[in-house]
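Trainee: Before I ask anything, here is the structure I am working with.
There are 2 protein chains.
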Amino acid sequence: MLTSRQKLILSAIVEDYVRSAEPVGSRALSKHNEIHLSAATIRNEMADLEEMGLLDQPHMSAGRIPSQKGYRFYVDNLMMRAEIDAETLAALREVFVQRMTEVERIIQQTSIVLSQLTQYTTIVKGPRLDAGRIKRVELVPLVRGTVVAILVTDTGHVVSRQVLMSEDVTPDDLAQIVNLLNTKLREVPLSRMRSHFYQEVSEEMARTLERYEDALAVLDELCAVDPESGRVYVGGTTNILAQPEFRDVDKVRPLLALLEREETAGQVLPKHQPGLQVRIGRENEVPMLQECTVIAATYAVDGVPVGSVGVLGPTRMNYARVVRILDYVSNALTRVMTERLSGA
Amino acid sequence: MLTSRQKLILSAIVEDYVRSAEPVGSRALSKHNEIHLSAATIRNEMADLEEMGLLDQPHMSAGRIPSQKGYRFYVDNLMMRAEIDAETLAALREVFVQRMTEVERIIQQTSIVLSQLTQYTTIVKGPRLDAGRIKRVELVPLVRGTVVAILVTDTGHVVSRQVLMSEDVTPDDLAQIVNLLNTKLREVPLSRMRSHFYQEVSEEMARTLERYEDALAVLDELCAVDPESGRVYVGGTTNILAQPEFRDVDKVRPLLALLEREETAGQVLPKHQPGLQVRIGRENEVPMLQECTVIAATYAVDGVPVGSVGVLGPTRMNYARVVRILDYVSNALTRVMTERLSGA
DNA sequence: TGTTAGCACTCGCATTCGCCGAGTGCTAAC
DNA sequence: GTTAGCACTCGGCGAATGCGAGTGCTAACA
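The listed protein sequences correspond, in order, to chains A and B.
So that you can map any letter, position 195 of the first sequence is 195 in the working numbering, and since no number is skipped, the others follow by simple counting.
So that you can map any letter, position 171 of the second sequence is 171 in the working numbering, and since no number is skipped, the others follow by simple counting.
Shown next, in the form of structure tokens:
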């Protein structure tokens, strides 16, 4: 266990370093207005903290910086949940006060404002598709042999897939298929479609439809829709370039490459675990992020987490501020989304 | 006019520099196997070329590099349309041989393979929406007061918008609206909807529908769909980081910021002018691109350009290769798209 | 007249060196 | 337990230096 003086010093080091990005020396700390100790005393304490693995020394004659373990201790025990400053709060309020119709637009706006406020990179995962129930299925013929299958959920998501069919299907055939699908699948939660309804619907098709093959093609295509995949929005990618730890092109490149593609960007956020998560450095699963911190929170509809929102930055991150902001955002998203999507 | 010897030298300088990214000296050139001249002679010629503004000298005692004007001359007069090497050709063929159903997927694949092959950044603009005709309109009620309006075009595009309506619209009301819209708008080219049909349809609505207000809301929303906006796919953003001219973070940052957002990324490509365009450095309109080259080509359906595909790199770009590849790709896209979309 | 060899000169770049200053650990005194 | 003092370490910075690639000019040559 740490003495309260050690806690004070560790705290000060983390906060100084987060602000300045430069190793913190004993002299500088002794001038800190909450610490009334001489530099020498502080040096002794720092030596102890280093021995405990909470501080690192980049080289012999430089100040100390927090180690990843140090950040972890700070986050778990020392961090003060400072109130959000008025300006930031105003910016946040403005986003969520607007009555935006489209869910996707809310997500997008969130991502933009988050990266502006934090100056880090933001990742927002749209509400997962299978949070919704099927509202309607439609088939629209294009040229001979191709049909667009459309699926509408009660969350307002519209998914479309093109399906290849026999060349000689008639509008009538399509109407029959659509009819069957709508009767059988309406109000079915997407999460259960593949597991609980595929069997039943395909059998019903075999029994009642001439165009069994083609109907099955549609059903297959609908079931192939990845339920995990809501869209992933990445904002403020270039913000990380402003951080001194990423001024080296070779260091950022793999990171940017990671963020460039939706699939890999999505993996940055931990799997939907409810609540707020802080992943410091090597705590991240993705190897590219060993020198980054990801703070993520989920948002929920009716108590079920349906998406997540996260901030990616260097381990030298303003933890208190980001945690506070994400807290606000995840609550706001939960509220807004519930308003839109709940029990519809 | 340049002597053929000057052309030979300019050509060699461009090609050497493109390969090595280092200023080309007279000695190096004299060892070039097509140039049987002494270094001194070459120096004289280079001095002349510099006077003409075709070459630059980064500093007194370094070799020469092509000026933007030099590149321009090279592209217009000297560049050999070398054949694509077998490997590259194979990779390209493979993309376009696949029978991909979805147009968007073709575009996406194109973008990926292009950036892999060129090692530059690729921008592909999906076929503009208004290249298509309206195939079907649907309305799906969500919660009370919101309805999803869906528009399907014969290009297979599906656009959806949420529309706010009176709380008490009945499914019957919606059916009437849908009915009217489908009757009036089917087969109408999107490009003409707003200008030619808005008036007519809204009058018809006023005449025959009780729910005039709500119907109009739908129509307005449909007309608000931006016809220019097909999606913009950007690929290989991180490739530019590998280019020595962009090793400086402060130089790339604005460029990456430009590419990050779809709207601004789209502006990188010149407006759909048919044929292949090479924009060198300051020839680009976007100020961020003053030290870049953009090579772009359009693809067409039935002779009408509907989208474009481009490559963004440093002015020190492998012009011959990229031009050749883009030529191939734009032709292939035209062919494939026409197959999918033409006269449907 | 065009081409080439030779030479002095320029200039960027990498290396070295020495210095400075911030910061440390240790010891001894308070 | 705390603090002052002191010797030591080490990275960073600027000046000095040497190297090498490349140039322009001149004079000789075909």
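C-beta: ideal position from N, C-alpha, C; glycine also.
1. Taking the beta strand (DSSP E) that Q277 (chain A) falls in, what are its first and last residues?
2. Could you check whether the Cβ of D154 (chain B) sits closer than 7 Å to any Cβ belonging to chain A?
3. Can the beta-carbon of V169 (chain A) be found closer than 7 Å to that of V218 (chain A)?
4. Give the DSSP-derived three-state secondary structure of D56 (chain A) in the structure shown.
5. Distance cutoff 7 Å, beta carbons only. Does Q68 (chain B) sit that close to anything in chain A?
6. Using the Cα positions of A344 (chain B) and D302 (chain B), report the straight-line distance between them to the nearest angstrom.
7. How far does the alpha helix (DSSP H) with A149 (chain A) in it reach, from first residue to last?
8. For V304 (chain B), name the three-state secondary structure that DSSP assigns.
9. Going by C-alpha distance, which of A:L142, A:A62, A:R144 and A:D130 is nearest G307 (chain A)?
10. Just the C-alpha distance for I9 (chain A) and I42 (chain A), rounded to the nearest angstrom, thanks.
11. Could you give the first and the last residue of the continuous alpha helix (DSSP H) run that contains I106 (chain B)?
12. Run down chain A in chain order and give the residues with a C-beta less than 7 Å from the C-beta of V158 (chain B).
13. Where do the ends of the alpha helix (DSSP H) carrying R371 (chain B) lie?
14. Going along the region 121 to 144 of chain A in order, which residues come within less than 7 Å of chain B, judged by CB to CB distance?
15. Whose Cβ in chain B lies nearer than 7 Å to the Cβ of V301 (chain A)?
16. Pick helix, strand or coil for V158 (chain B), following the three-state DSSP scheme.
17. Which one of B:D172, B:V268, B:V103 and B:A91 has the shortest CA to CA distance from C292 (chain B)?
18. According to DSSP, is L139 (chain B) part of a helix, a strand, or is it coil?
19. Please state the DSSP three-state secondary structure of L185 (chain B).
20. My output table needs one value for V311 (chain A): the three-state DSSP class, helix, strand or coil.
21. Quick check: the Cα distance between H196 (chain A) and V143 (chain B), rounded to an integer number of angstroms?
22. Straight-line CA distance for H36 (chain B) to L2 (chain B)?
23. Between the region 234 to 249 of chain A and the region 202 to 209 of chain A, are three or more C-beta pairs nearer than 8 Å?
24. So V178 (chain B) and V234 (chain B) are supposed to be a Cβ contact under 8 Å. How far apart are they, rounded?
25. Helix, strand or coil for R324 (chain A), going by three-state DSSP, please let me know.
26. When the cut-off is 7 Å and only beta carbons count, does V306 (chain B) lie next to chain A?
27. How would you list, in chain order, the residues of chain A whose beta-carbon sits under 8 Å from the beta-carbon of E102 (chain B)?
28. Any idea what DSSP makes of T170 (chain B), helix, strand or coil?
29. Give the residues of chain A in contact with R186 (chain B), contact being defined as C-beta atoms less than 8 Å apart.
30. Run through chain B and tell me which residues come within less than 7 Å of R253 (chain A), C-beta to C-beta.
31. In chain A, which residues lie less than 8 Å from L256 (chain B) when you measure between Cβ atoms?
32. Can you tell me the Cβ-Cβ gap for E104 (chain B) and R231 (chain B), rounded? I've got them flagged as a contact below 8 Å.
33. Residue range of the alpha helix (DSSP H) that V97 (chain B) falls in?
34. Could you name the residues of the same chain whose beta carbon sits closer than 8 Å to that of P171 (chain B), not counting the 5 residues immediately before and after it, in chain order?
35. What in chain B is Cβ-close to R64 (chain A), meaning under 9 Å?
36. Would you mind reading off the limits of the beta strand (DSSP E) that contains G235 (chain B)?
Mentor: Checking against the coordinates, here is how it stands:
1. Taken as a continuous stretch (DSSP letters only), the beta strand (DSSP E) holding Q277 (chain A) covers L276 to I280.
2. Yes, its Cβ sits closer than 7 Å to a Cβ of chain A.
3. It is not a contact, given that the beta carbons lie outside the stated cut-off.
4. Of the three classes helix, strand and coil, the one that applies to D56 (chain A) here is strand, per DSSP.
5. Output row for Q68 (chain B): interface = no.
6. Since pLDDT at A344 (chain B) reaches only 45, below the 50 mark, its modelled position is unreliable, and the value read off the structure follows with that caveat. Near 11 Å, if we compare the C-alpha coordinates of D302 (chain B) and A344 (chain B).
7. First-last for A149 (chain A): T146 to T153, but that is the beta strand (DSSP E), not the alpha helix (DSSP H).
8. Note: V304 (chain B) maps to strand in three-state DSSP.
9. The residue with the shortest Cα to Cα distance from G307 (chain A) is A:D130.
10. I9 (chain A) and I42 (chain A) have their C-alpha atoms roughly 8 Å apart.
11. Going by DSSP, I106 (chain B) is part of the alpha helix (DSSP H) stretching over V103 to T118.
12. Among the residues of chain A, those whose CB is under 7 Å from the CB of V158 (chain B) are V148, I150, V158 and S160, following chain order.
13. An answer regarding residue 371 (chain B) cannot be provided, because it is not within the stretch 1 to 344 covered by chain B.
14. The region 121 to 144 of chain A vs chain B, Cβ under 7 Å: K135, R136, E138, V140, L142 and V143.
15. Within 7 Å Cβ-Cβ: nothing; V301 (chain A) doesn't reach chain B, min ~13 Å.
16. V158 (chain B) falls in the strand class under three-state DSSP.
17. C292 (chain B) has its Cα closest to that of B:V268, out of B:D172, B:V268, B:V103 and B:A91.
18. DSSP, read as helix, strand or coil, puts L139 (chain B) in strand.
19. Reduced to three states, the DSSP call for L185 (chain B) is helix.
20. In this structure, V311 (chain A) counts as strand in the three-state DSSP scheme.
21. Using only the alpha carbons, I get a separation of about 25 Å.
22. Rounded to the nearest whole angstrom, the C-alpha separation of H36 (chain B) and L2 (chain B) is 18 Å.
23. Touching, no.
24. Rounded, the Cβ-Cβ distance is 36 Å, inconsistent with contact.
25. Note: R324 (chain A) maps to helix in three-state DSSP.
26. Nearest CB-CB separation between V306 (chain B) and chain A: not below the 7 Å threshold.
27. In chain order: R161 and Q162.
28. In the structure shown, T170 (chain B) sits in coil (DSSP, three-state: anything other than H, G, I, E or B).
29. Result: empty, since nearest Cβ-Cβ is about 11 Å, beyond 8 Å.
30. Going along chain B in sequence order, the residues near R253 (chain A) (Cβ under 7 Å) are T238 and L241.
31. Neighbours of L256 (chain B) in chain A, taken as residues at a C-beta separation under 8 Å, are given in chain order as T237, T238, L241 and L256.
32. Contact between E104 (chain B) and R231 (chain B) is confirmed by a C-beta separation of about 7 Å, below the 8 Å threshold.
33. Looking at the DSSP string, the run of the alpha helix (DSSP H) that includes V97 (chain B) is A86 to V97.
34. Only P141 meet the Cβ criterion.
35. Per Cβ cutoff of 9 Å: no residues; R64 (chain A) is ~27 Å from chain B at best.
36. From DSSP, the beta strand (DSSP E) with G235 (chain B) extends over V232 to G235.
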